[in-house]
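To start, the structure itself, in structure tokens.
2 protein chains.
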Amino acid sequence: MVKRTSFEGDACPIARSLDAIGDGWSLLIIREALFGLRRFGEFQNKLGMAKNILSARLRALVDHGILATAPASDGSAYQEYVLTPKGHGAFPILVALRQWSEEFDDRPSEIATILVDKDKGRPVRKLELRAQDGRLLSQPDTLVKPRPAPRRRSTTARSNLSPSS
Amino acid sequence: MVKRTSFEGDACPIARSLDAIGDGWSLLIIREALFGLRRFGEFQNKLGMAKNILSARLRALVDHGILATAPASDGSAYQEYVLTPKGHGAFPILVALRQWSEEFDDRPSEIATILVDKDKGRPVRKLELRAQDGRLLSQPDTLVKPRPAPRRRSTTARSNLSPSS
DNA sequence: GGCATATGGTTTTATAATGCAACCACACAA
DNA sequence: TTGTGTGGTTGCATTATAAAACCATATGCC
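Respectively, the protein sequence lines represent chains E and F.
The numbers in my numbering rise by one with no breaks, and the one at position 41 of the first sequence is 266.
The numbers in my numbering rise by one with no breaks, and the one at position 152 of the second sequence is 377.
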């Protein structure tokens, strides 16, 4: 079998994300959905993509629990696609991609938009990664460790998992 | 001409990022490069991908200024691939993808690793988006605005559009 | 030097994804 | 009932991805 390798069973969380939204259109659809779009035609118009692909992507995003189909909303008996919490949760990914372009793009003058704080109308800061004690971290300050086994019943920081799990 | 639509000339910074690294392998290569890998064979082994594709991706990443080829380093006259500052700058994107999986994946128990602060060994916080005055922002607190014209010499916020436009 | 083998790819060939255009089904309006 | 807009699906051409085979140069060993 020769197909686009899937990372669904992979242990790396990055690979798992990419398996769901790493296809070039999904994130743009999510971007537009965050912006407020809901209808098939709206996405198709705004993104200018082929309808069959949009159709396939929307279905995949629904399957992945990123979008949900809502029965109507504005009266007419058509379908809408709305973000689930998981879909909304992709916002930082979009911000990270945006800021990467803003900082490193070869032709930054071609970038047409900026992300601002709604209250003040001023550009947002760069995304910040912090330690639990609040220290600002950059990549060399971090480390990838194997995940500790989830403790079940236990002593110190007691978990609330039911005994049956 | 029917090819994978490119967003190179697009005004959206997210689309521009995806044009460079939105293909499913590039980010994994960057991840491994951040982790320290440099050689063709190392990438091939770790990622288990076909060599021709790895070859194509590495070349594309070099073309995009994300990787650079270093002449040697450990003596042997082979080539190495090292991250440029632009490549290192993709770190927040990887963190965002990782945290999205950690928070929303359907089978979180399959995720094998966590990102920790090297000093204390404790998990990092979620990425934070802040306004310039430090207020923590979530998506509804933000807005995408057209980029103001870059002022060249000039006074307050005067536009620099030429009279001919 | 000569031979084996590892490294770092390219070529070949097959399959899957993408893109466009045409078509279709249903809702709604006149 | 005919028309039109919305929301898709189907067919076909093109491109990207994948696996495996092949190849060129380096290096290790005798």
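Ideal Cβ positions, reconstructed from N, Cα and C, are used throughout, including at glycine.
No experiment lies behind these values; they were computed from the predicted model shown.
CA-CA distance, Ser242/E to Ala337/E, rounds to 27 Å. For Pro371/E, the enclosing beta strand (DSSP E) covers residues Thr367 to Pro371. By the C-beta criterion, the stretch 315 to 326 of chain F is judged to be in contact with the stretch 301 to 319 of chain E, since at least 3 inter-stretch pairs fall below 8 Å.
Under the 8 Å criterion on CB atoms, Gln269/F is classed as non-interfacial with respect to chain E. DSSP places Ala245/F in the uninterrupted alpha helix (DSSP H) bounded by Pro238 to Ile246. Using a Cβ-Cβ cut-off of 8 Å, Gly247/E is close to Gly247, Asp248, Gly249 and Leu252 of chain F, given in chain order. Only exposed fits Pro296/E, as fewer than 16 other CB atoms lie within 10 angstroms of its CB. About 19 Å separates the beta carbon of Gln357/F from that of Pro333/E, a gap too long to meet the 8 Å contact definition. Taking C-alpha positions only, Gly249/F is separated from Asp248/E by approximately 7 Å. In chain order, Ser231, Phe232, Glu233 and Asp235 place their CB closer than 8 Å to the CB of Asp244/E, counting only its own chain and leaving out the 5 sequence neighbours on each side.
Here Val320/E carries a helix assignment [DSSP, helix/strand/coil].
Within chain F, the residues Gln364 have their CB atoms less than 7 Å from the CB of Phe316/E, given in chain order. Shown here, Ile339/F sits in a strand according to DSSP, grouped into three states.
The Cβ of Val341/F sits closer than 8 Å to at least one Cβ of chain E. As DSSP reads the structure, Arg355/E sits in a beta bridge with Leu361/E. Boundaries of the alpha helix (DSSP H) harbouring Leu283/E: Lys276 to Asp288, taken from the DSSP string. If you draw a straight line from the Cα of His289/F to the Cα of Leu279/F, it comes to about 15 Å. Counting along the chain, Glu233/F sits inside no alpha helix (DSSP H), nor does DSSP assign it H or E at all. Counted as a single uninterrupted DSSP element, the stretch harbouring Ala315/F is not any alpha helix (DSSP H), since DSSP gives it neither H nor E. Look at Leu262/E here: in three-state DSSP terms it is coil, with no helix or strand label.
Ser280/E is outside the set of residues whose beta carbon lies under 8 Å from a beta carbon in chain F. In the three-state scheme derived from DSSP, where H, G and I count as helix and E and B as strand, Pro296/E is classed as coil. The beta carbon of Arg263/E sits closer than 8 Å to the beta carbons of Ala295, Ser298, Glu305, Tyr306 and Val307 from its chain, once the five residues preceding and following it are set aside; these are given in chain order.
Between Arg350/E and Arg350/F, the CB-CB gap reaches or exceeds 8 Å. With respect to Ile246/F, Phe268/F sits apart: the two C-beta atoms are not nearer than 8 Å.
Using a Cβ distance threshold of 8 Å, Ala321/E and Ala321/F count as a contacting pair.
Here Pro333/E carries a helix assignment [DSSP, helix/strand/coil].
Close to Phe329/E, with beta-carbon spacing below 7 Å, are these residues of chain F in chain order: Lys311 and Gly314. Relative to Leu368/F, the option among Glu353/E, Asp330/E, Leu272/E and Arg256/E whose CA is nearest is Arg256/E. Chain order gives no chain E residues near Ala285/F, where near means a beta carbon separation below 9 Å; the closest approach is about 14 Å. Against chain E, the CB of Val307/F has no partner CB under 8 Å away; the residue lies outside that interface.
Residue-level contact check: Pro375/F touches chain E, since one or more beta carbons of chain E fall below 8 Å from its beta carbon. A residue is called buried once 16 or more other Cβ atoms fall within 10 Å of its Cβ, and Phe329/E is buried on that count. Ile339/F places its beta carbon 8 Å or farther from that of Lys311/F.
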